[in-house]
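>
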Amino acid sequence: MRRNVWLPAFVILGFVFLYAPILSLIVFSFNESKLVTVWGGFSTKWYGELLRNPQILSAAWISLKVAVTSATLATVLGTLAAFVLTRFGPFKGRALLTGMSAAPLVMPDVITGLSLLLLFVAMEQLIGWPAGRGMTTIIIAHTTFCMAYVTVVAQSRFASLDESLEEAAMDLGARPARVFFDVTVPVIAPALVAGWLLSFTLSLDDLVVASFVTGPGASTLPMVIFSKVRLGVSPDINALATIIIAIVAVGVGIATWQMRRGARKNGG
Amino acid sequence: MSAVIERVAPLRWTAALLAALGLRGRTLVIAVPMLWLLIFFLVPFLVVAKLSVSEPAIAMPPYLPLVERDGARMTISLSFENFGYLFDDPLYIKAYFFSIRLAFFSAVLTLLIGYPIAYYIARSSEARRSVLLMLVILPFWTSFLLRVYAWQGFLRSNGVINNFLLWTGIIDQPLVMLQTNFAVYLGIVYTYLPFMILPLYANLVKLDEALLEASADLGGRPLPTFFHVTLPLSMPGIIAGFMLVFVPAIGEFVIPELLGGPDTLMIGRVLWNEFFSNRDWPTASAVAIAMLIALVIPIMILRTAQQRVEEE
Amino acid sequence: MNTPVPVATSKPWITGAEPPFIRISKVTKRFGDFYAVDDVSLDIYKGELFCLLGGSGCGKSTLLRMLAGFETPTEGRIEIDGQDMAGKAPYERPTNMMFQSYALFPHMTVEKNVAYGLYRDGMKKAEAMEKVAEMLRLVQLTPFASRKPHQLSGGQRQRVALARSLVKRPKLLLLDEPLGALDKKLREETQFELIKIQESLGVTFIVVTHDQEEAMTLASRIGVMNAGQIVQVGEPPEIYEHPNSRFVADFIGSVNMFEGRVTEDEPDYIRLGVADLGGSIYVGHGVSCVLDQQLWYAVRPEKIRISRTRPDKTENVFRAVVDEIAYMGNISIHRLKLPTGRLLSATKANLTRHDDEAITWGDEVWVTWDDTAGAVLTR
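Chains as they are written, first to last, in UniProt numbering: chain A, 1 to 268; chain B, 1 to 312; chain C, 1 to 379.
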């Protein structure tokens with residue numbers, strides 16, 4: 001059979017399209033010149049500048065705290081929702097829960113952000129909580145939209161999970177809560193880790209929702225980046241991007257290595 | 001679980017509260033995610049709906065209450081003026097149709113680029129498949145904002161592309177690419193490409209090789225085989241991918257803001273400006289409600305298509 | 001001679017010497033409008049290996065799941081060892097189940113899988129490990145104790161599942177298609193192993209299967225199910241030789257079925273006029289029926305004899321032409337065409353290495369069967 005050369009060529013072009021901008025970010029982060037697109041010699045000065053920028057550092061710290069907290073909350077809540085939807089059969093409000101746990105997926109960020117902000121303002125007027133806005137409100141907002149993604153991931157895993165595993169545990173004398181923690185959670189753990197990582201990334205990435213629901217003093221990393229980028233080029237952002245890419249690459253590398261090792265250890 | 005609950009104070013309090021409300025066991029498990037979504041997802045829309053019919057005011061928060069107590073008398077002031085604006089000012093209607101059109105064509109472009117890639121990955125050997133898939137997903141894990149920013153550096157008049165083209169002598173004047181609709185298309189296709197490739201791949205990888213062999217055996221050349229077998233069978237993947245690109249692209253804010261020009265009026269951007277620049281919360285709410293209603297139609301169409309394809 | 005009779009062959013269902021161990025009375029399970037199990041009553045005795053046999057969707061699995069407690073009967077009552085099971089969750093029942101998929105916990109070793117049920121009963125580790133080791137010895141898996149399920153072969157997994165469900169010594173073990181996932185050869189070996197284990201432990205087994213050979217080999221008694229109902233209960237030979245309905249006769253083994261009308265009805269014989277045969281069938285025993293009643297007659301292929309020469313008898317003798325022969329090694333199946341056009345199948349044991357009569361395609365032959373070879377069926 002004649003090998004088709006057009007398809008691989010197209011695929012290579014596709015990957016160039018995906019990676020060229022990222023590579024240029026990395027390259028120009030080591031650029032001496034302030035003009036991000038003109039090469040002025042090798043330098044690491046933008047990294048130094050970045051690390052001396054308290055605004056970026058504190059925003060990164062806030063973003064990290066928000067992402068970890070909301071990813072964890074979203075994983076717990078999303079798993080519960082998925083479990084209820086796949087395992088509880090009919091109950092009152094099932095259709096409502098189905099709708100509410102899928103809708104955030106297609107909800108534009110601007111609407112999610114605006115509606116949550118208005119809720120927080122109204123709640124503050126009515127019950128005095130949350131008093132002002134900041135990290136707490138961002139965490140709540142991120143948890144809400146990340147939860148939907150966890151629900152989707154967990155739901156498909158629950159659906160493909162052999163229900164007789166849970167029945168077997170019950171048959172051997174385990175009560176429902178025991179079954180959940182002894183069998184269900186360990187078996188679907190990879191999906192839960194995937195859901196957590198997805199939530200973590202989405203939270204770390206979010207600009208729009210956080211901009212709406214934040215308050216004074218709580219600027220997340222994307223908000224700082226956005227305000228800098230909007231004003232034009234800033235080489236220290238390139239340095240920041242390179243650091244983020246490096247962390248992600250290392251993380252993915254470790255994950256792949258772990259998975260390979262796990263696969264080898266389990267003999268397949 | 002009980003051990004964890006006893007150790008963490010807020011969980012303990014919540015458990016005590018829920019138990020006091022008579023929520024135990026099964027009901028409790030349903031109630032936790034249900035209550036969260038009711039409070040933080042459903043109620044906010046009611047608040048938006050309420051605000052969209054309030055009158056703006058220069059205050060904090062910048063709107064007038066709906067219900068005013070004047071001694072023993074209560075007056076309810078509903079104002080549909082905010083919605084009136086949306087129809088009076090062609091800006092909003094234009095923004096709406098522009099967003100739909102842009103999102104639609106972006107999704108089509110993403111499909112055209114994503115399909116061959118997904119197809120190639122699905123037909124690769126097992127080992128190569130996982131590497132390629134990782135390469136598709138990897139950009140997604142790096143910041144979305146930074147990837148859009150990278151395109152700014154590519155597209156600006158003294159950017160990488162123009163410098164390259166000037167250097168090769170293909171052009172002698174820098175092309176204007178940034179702050180155009182072209183840049184917005186590019187940005188959307190670029191950032192949403194993984195969302196198109198992944199569902200397509202998931203569908204194509206399940207395709208039974210024997211079907212392709214059967215078609216070849218019956219005399220189908222590669223191209224007819226593709227159009228008569230592969231493509232129809234991958235419809236669910238196409239629709240799923242289309243939905244994942246088209247729907248969020250309608251409400252996109254960051255890409256038109258950073259790559260588009262002042263006339264790239266996407267509805268998400270309009271809402272943002274209404275809220276942050278004009279500080280007009282009621283109009284922003286009205287835009288949100290209108291946007292929501294507008295979104296329902298394409299989503300319904302896609303869902304129906306999806307259901308029909310899945311039934312077959 | 002007064003030798004004691006082992007439990008499994010004492011046949012309490014005939015002698016009535018002991019009360020039933022499991023009583024299923026008038027159990028119905030509805031899913032919406034669908035009757036998965038329809039008014040089933042069944043008594044099963046201690047130490048039995050009872051097979052529920054039926055096609056897919058006949059309700060056998062639903063019945064099993066009601067015994068295990070995964071489904072609740074819509075109506076009726078289930079008693080195990082004198083205890084009403086109503087309202088008892090699976091984890092409160094004295095039953096264990098071996099799942100069709102085996103349902104081994106993928107994240108636990110063989111040892112942990114088997115020990116799981118013991119720990120749920122609050123057993124101490126040392127004692128549990130002792131029991132697990134004993135059980136693994138019984139199923140010959142001792143060297144695999146620390147493996148994970150996916151590192152085992154299908155047959156080994158099956159034995160882990162068996163060990164896990166038996167280690168708690170349940171009063172009743174429920175097995176859902178226990179051999180379904182094994183290949184033919186392994187299945188045959190495992191059948192006998194299963195019987196041996198069952199007899200050595202004395203646990204009552206209820207096995208669900210769609211494989212009639214499996215049921216025949218394993219069972220002390222078989223309950224044939226169809227459309228949610230138990231059609232016939234009996235020991236394997238009884239089910240095979242004395243089916244009580246066309247369904248059972250047809251479902252178990254292969255059969256030649258004739259429709260006929262009673263033309264003679266005497267106390268010691270009846271005669272059926274069968275249009276398909278162009279003649280009549282003589283039945284050498286009395287049947288409670290009336291003249292001209294419509295009946296069915298079922299005769300198994302191996303009960304039909306073929307010969308070139310006319311048999312030395314007058315009843316149940318017909319002419320036929322050999323239409324097709326399928327050589328199976330141990331037997332040959334002959335498809336015969338009667339003058340009426342009706343096809344008949346007859347098997348012939350290949351007793352010698354070459355056929356003396358050498359009956360072949362197109363030959364005209366005589367077919368016959370004994371006047372007690374077939375079963376008269378009224379439904």
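Quick reminder that beta carbons are idealized off the backbone N, C-alpha and C, glycines included. Fair warning: this is a prediction, and the values are worked out from it, not measured in the lab.
C:E143 versus chain A: which residues are under 7 Å apart at the beta carbon?
Residue identity differs from the one stated: residue 143 of chain C is Pro in this sequence, not Glu. Residues of chain A passing the Cβ test: none, with the nearest at roughly 15 Å.
> Identify which residue in C:R305, C:A320, C:Y116 and C:I22 has its Cα closest to the Cα of C:E48.
The option with the nearest alpha carbon to C:E48 is C:I22.
> Please work out which residues of its chain come closer than 6 Å, Cβ to Cβ, to C:T368, disregarding the five sequence neighbours upstream and downstream, and give them in chain order.
Correct list, in chain order: R305, P311, N316 and V317.
> Go to C:N226, then tell me how far its alpha helix (DSSP H) extends in each direction, as first and last residue.
Counting along the chain, C:N226 falls outside any alpha helix (DSSP H), though it belongs to the beta strand (DSSP E) covering R221 to N226.
> Looking only at its chain, what residues have a beta carbon closer than 6 Å to the beta carbon of residue 299 of chain A, apart from the 5 residues adjacent to it on each side?
A question about residue 299 of chain A goes unanswered here, because the residues of chain A that appear run from 1 up to 268.
> Taking Cβ positions, are B:G268 and A:P108 nearer each other than 8 Å?
Yes. Within cutoff.
> Going by beta carbon distance, what residues of the same chain come within less than 6 Å of C:E324, once the five residues before and after it are set aside?
Correct list, in chain order: R335.
> The beta strand (DSSP E) with B:Q173 in it runs from where to where?
Where B:Q173 is concerned, there is no enclosing beta strand (DSSP E), given that its DSSP letter is neither H nor E.
> Find the residues of chain A that neighbour B:P116, judging by a C-beta separation of less than 7 Å, and give them in chain order.
Those within 7 Å of B:P116 in chain A are L7, F10 and V11.
> Using three-state DSSP, classify A:Y19 as helix, strand or coil.
It is helical.
> Indicate the three-state DSSP secondary structure (helix, strand or coil) for B:E274 in the structure shown.
Three-state DSSP puts B:E274 in a helix.
> Using 8 Å as the threshold, is the region 113-125 of chain B in touch with the region 180-195 of chain A, meaning 3 or more CB pairs across them?
Segments in contact, no.
> Does chain B have any CB closer than 8 Å to the CB of A:A81?
Yes, A:A81 counts as interfacial toward chain B.
> Name the residue from B:T191, B:V245 and B:G237 whose alpha carbon lies nearest to the alpha carbon of A:L18.
Nearest of B:T191, B:V245 and B:G237 to A:L18, Cα basis: B:T191.
> B:F195 CB to nearest chain A CB: under 8 Å?
No, B:F195 does not count as interfacial toward chain A.
> Just to make sure I have the definition right: I need the residues of chain C whose C-beta is within less than 7 Å of the C-beta of A:R175. Which are they?
Here the neighbours are Y91.
> Could you compute how far the alpha carbon of A:I245 sits from the alpha carbon of A:F30?
So the two alpha carbons sit approximately 14 Å from each other.
> For C:H107, would you say it is in contact with chain A, using Cβ-to-Cβ distances shorter than 8 Å as the test?
C:H107 counts as touching chain A.
> Kindly say whether A:L172, judged by its beta-carbon, lies nearer than 8 Å to any beta-carbon of chain C.
Chain C, which has a Cβ nearer than 8 Å to the Cβ of A:L172, makes this yes.
> What is the C-beta distance between C:V321 and C:A373, in whole angstroms, given that I count them as a contact (C-beta under 8 Å)?
About 22 Å separates the two Cβ atoms, so there is no contact after all.
> Can you name the residues of chain C whose CB is closer than 9 Å to the CB of A:E49?
Within 9 Å Cβ-Cβ: nothing; A:E49 doesn't reach chain C, min ~48 Å.
> In chain order, what residues of the region 132-152 of chain A put their CB closer than 7 Å to some CB of chain B?
Per Cβ criterion, the list reads I140 and T144.
> Counting contacts by CB-CB distance shorter than 8 Å, is C:M97 in contact with chain A?
Judged by the 8 Å Cβ criterion, C:M97 is in contact with chain A.
> At least one CB of chain A closer than 8 Å to the CB of B:S95: is that the case?
Reading the sequence as shown, one finds Ala at residue 95 of chain B and not Ser. Not closer than 8 Å to any Cβ of chain A, the Cβ of B:A95 fails to qualify, so no.
> So, for B:I239: in the same chain, excluding its five sequence neighbours on each side, which residues have a beta-carbon less than 7 Å away from its beta-carbon?
These residues qualify, in order along the chain: L302, A305, Q306 and V309.
> For a quick check, are the C-beta atoms of B:M266 and B:S52 less than 8 Å apart?
No, these two residues do not count as a Cβ contact at 8 Å.
> Between which two residues does the beta strand (DSSP E) holding residue 412 of chain C run?
What is shown of chain C runs 1 to 379, which leaves residue 412 of chain C out entirely.
> Does B:D217 pass the burial test, meaning 16 or more other C-beta atoms within 10 Å, or should it be called exposed?
B:D217 is exposed by the Cβ-count criterion.
> Residues in its own chain within less than 7 Å of C:H242 by CB, not counting five upstream and five downstream?
Excluding positions up to five away in sequence, the list reads A375.
> For B:E274, is the classification buried or exposed, using 16 other Cβ atoms within 10 angstroms of its Cβ as the cut-off for buried?
Burial call: buried.
> What does the Cβ neighbour count give for C:A168, buried or exposed, with the cut at 16 atoms within 10 Å?
A small correction: the amino acid at residue 168 of chain C is Lys; Ala does not occupy that position in the sequence shown. Answer is buried; the Cβ neighbour count reaches 16.
> Measuring only between beta-carbons, confirm whether B:G205 sits less than 8 Å from chain A.
Note that residue 205 of chain B corresponds to Val in the displayed sequence, not to Gly. Not an interface residue.
> B:I39 lies in the alpha helix (DSSP H); which residues open and close that run?
Element bounds for B:I39: n/a, residue is neither H nor E.
> Less than 8 Å between the CB atoms is what I'm expecting for C:T62 and C:V37, so what's the real figure, rounded?
About 5 Å separates the two Cβ atoms, so the contact holds.
> Cβ of B:R69 less than 8 Å from any chain A Cβ?
Reliability fails at B:R69, whose pLDDT of 49 lies under 50, so the model's placement of it is uncertain and the value that follows must be treated cautiously. So, not an interface residue.
> Taking only beta-carbon positions, decide if B:M1 is within less than 8 Å of chain A.
Annotation note: pLDDT 44 at B:M1 (below 50); position unreliable, coordinate value reported separately. Judged by the 8 Å Cβ criterion, B:M1 is in contact with chain A.
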